Amino acid sequence: MTPNVAMRQSRFIRTSRAAPRGQASIEYVVICLVLVLALFHGDPSPMDRMLSAIQHHYARFTYSMSLP
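Its first residue numbered 7, the sequence shown is counted upward by one per residue in the working numbering.
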C-alpha cells in the first residue's frame, strides 16, 4: 500500500467517525427542547404544578417539624 492510499483511507475513517457524533448531539438538543416545551406548555404547566406541590408538601413538613 502506498503512503498516498493509506493517507486517503485514514482521512476517510476519521471523517466517517466524526459525522455521527455531530448528528447525535443535534438529536439530543431536539429531544431536550421537546421536553422543555412539554414541561412549560399549558395553563397550569406541569412544571408549575410540580413546584406548587413541592411548596405545599414542604410547608406541611415544616409545620410538622415545628410542633413540640
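Just so it is clear, CB atoms sit at the ideal spot from N, CA and C, and this is done for glycine as well.
Here the structure is a predicted model, which is why all the values come from computation and not from measurement.
- For Ser58, the enclosing alpha helix (DSSP H) has its first and last residue at Pro52 to Ser72.
- Take the alpha-carbon of Ala59 and the one of Gln29: they are about 38 Å apart.
- Around Ser51, the same chain offers Leu45 as residues with beta carbons nearer than 8 Å, after the five sequence neighbours per side are excluded.
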